[in-house]
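Chemist: Residue numbers (full-length UniProt numbering): 1 to 432. A virtual CB, placed ideally from N, CA and C, is assigned to each residue, including glycine.
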Ligand code: LRH
Ligand code: MN
Ligand code: MN
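(1) Going by the CB atoms, is the gap between residue 222 and residue 163 shorter than 8 Å?
(2) Could you have a look at residue 240 and say whether DSSP puts it in helix, strand or coil?
(3) Using a Cβ-Cβ cutoff of less than 8 Å, which residues in the same chain neighbour residue 393 once the five nearest sequence positions on both sides are dropped?
(4) Which residues does DSSP pair with residue 137 in a beta bridge?
(5) Are there any heavy atoms of ligand 2 lying less than 7 Å away from the beta-carbon of residue 222, as far as the coordinates show?
(6) Below 8 Å, can you find three or more Cβ-Cβ pairs linking the stretch 247-263 to the stretch 271-282?
(7) Spell out whether any CB of chain B is found under 8 Å from the CB atom of residue 10.
(8) Could you check how far apart the C-beta atoms of residue 125 and residue 99 are, in whole angstroms? I think they sit under 8 Å.
(9) Would residue 236 and residue 202 be called neighbours here (beta carbons separated by less than 8 Å)?
(10) Return yes when the C-beta of residue 287 is under 7 Å from any heavy atom of ligand 2, and no when it is not.
(11) Please report the Cβ distance between residue 1 and residue 422, rounded to the nearest whole angstrom; I am assuming they are in contact, meaning their Cβ atoms lie under 8 Å.
(12) Helix, strand or coil for residue 52, going by three-state DSSP, please let me know.
(13) Is residue 54 near ligand 2, judged by its Cβ being under 7 Å from some heavy atom?
(14) Using C-beta distances below 8 Å, list every residue in its chain close to residue 271, excluding the 5 sequence neighbours before and after it, in chain order.
(15) Terminal residues of the continuous alpha helix (DSSP H) containing residue 267?
(16) State yes or no: is the C-beta of residue 186 nearer than 7 Å to some heavy atom of ligand 3?
(17) How about residue 205 and residue 122: are their beta carbons less than 8 Å apart?
(18) Hey, how far is the Cα of residue 152 from the Cα of residue 198?
(19) Does DSSP classify residue 363 as helix, strand or coil?
(20) Which residue from 160, 81, 228, 166 puts its Cα closest to that of residue 184?
(21) Any heavy atom of ligand 3 closer than 7 Å to the CB of residue 331?
(22) With 16 other CB atoms within 10 Å as the buried threshold, where does residue 363 fall?
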């Protein structure tokens with residue numbers, strides 16, 4: 001489904017009465033600080049965030065699921081939904097697939113369909129954290145109940161390795177260039193497993209998968225401290241992740257999911273460290289209050305998100321570069337919101353945090369830090385955080401034919417109703 005561009009423009013006209021004045025005010029304010037708002041707008045346009053295929057349907061908790069209607073049931077429908085998000089926000093131009101929740105057997109057709117919406121395929125996610133009832137990731141029928149790559153049984157490890165190789169093959173046909181590996185592997189009780197042997201098994205398995213990757217591909221490993229295992233996780237934190245990445249190969253990098261940290265972890269410092277080691281893959285953006293809550297980006301800790309982007313801008317505007325482009329992805333799940341509305345809010349929050357970080361006068365910050373001006377440094381970054389940069393983001397969106405206010409346009413154009421009319425109220429079958 002494609003939205004009518006003229007309808008988006010009409011929506012914009014109704015909302016943008018004061019837009020030019022607001023844009024002029026913020027631009028003049030930034031100009032005074034030596035920041036060119038045109039450059040900020042150009043940077044915002046460049047930041048494209050991948051949409052996860054699994055976030056397009058209503059998510060479940062372990063207590064139940066309350067799906068809305070019109071959810072995508074096929075990969076083709078998921079691609080169509082991302083096309084709508086792209087039209088409205090101008091901030092997403094790729095989709096990240098999760099195998100076997102998505103089974104792109106007709107990869108060439110799927111690739112063509114995506115291209116017709118201006119979309120490409122972001123990182124491919126393997127899944128050895130569950131046994132697929134259809135047997136698609138467990139062809140040998142062996143269970144991941146006690147782990148996949150860490151498993152004491154070689155046959156299970158081999159099955160997990162083969163699944164990842166299959167995912168790479170799908171990805172090659174779709175034009176992706178990275179594999180994301182998140183493992184649920186770990187243990188639930190002390191005494192259940194040997195930490196060291198589990199780690200060595202995972203390391204060895206990753207090395208074998210790495211050898212099968214095309215030379216221009218990257219492998220992203222994603223750490224997580226707990227859940228579904230509650231006593232230990234093999235790839236539990238950024239330290240273990242860095243060890244695994246370094247032990248696997250040069251093109252193995254650490255993916256940071258914002259929900260995968262123990263409470264109060266200084267995530268921005270983690271980001272700085274991993275960049276320092278030139279091993280940052282990119283992000284799974286989401287937000288959380290307690291643990292891996294997968295809530296809308298920026299809905300709880302927008303200041304933390306801004307501080308993370310501060311580190312990223314420091315890197316992006318600096319001279320020392322990694323070999324890879326950073327991967328920007330959302331990883332969210334929504335039980336109570338319309339998934340498309342949630343994603344639009346998430347794109348907006350990411351752009352906001354990025355813009356706020358872009359307008360920090362960096363040379364001045366470095367000077368304040370050098371002179372140990374503690375209050376001065378804090379003032380400077382908080383001033384950026386408290387600047388209303390929304391006119392810049394709206395401008396960036398509209399320059400790409402997107403909506404002044406994507407959520408308002410989504411509602412005004414009755415997109416969900418149109419999807420329900422077309423697809424009915426059936427429940428999407430795959431995903432969280
Ligand atoms: C694990 C995780 C990982 C999975 C996704 C569905 O919590 O963040 O990225 O692939 O959720
Ligand atoms: Mn994740
Ligand atoms: Mn997660």
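Modeler: Reading it off the structure:
(1) no
(2) helix
(3) 44, 348, 351, 352, 355
(4) Paired residue(s): none; residue 137 is not in a bridge.
(5) yes
(6) yes
(7) Included in the structure is just one protein chain, with no chain B present.
(8) 7 Å
(9) no
(10) no
(11) 7 Å
(12) strand
(13) no
(14) 256, 280, 308, 311, 312
(15) 267-276
(16) no
(17) no
(18) 8 Å
(19) helix
(20) 228
(21) yes
(22) exposed
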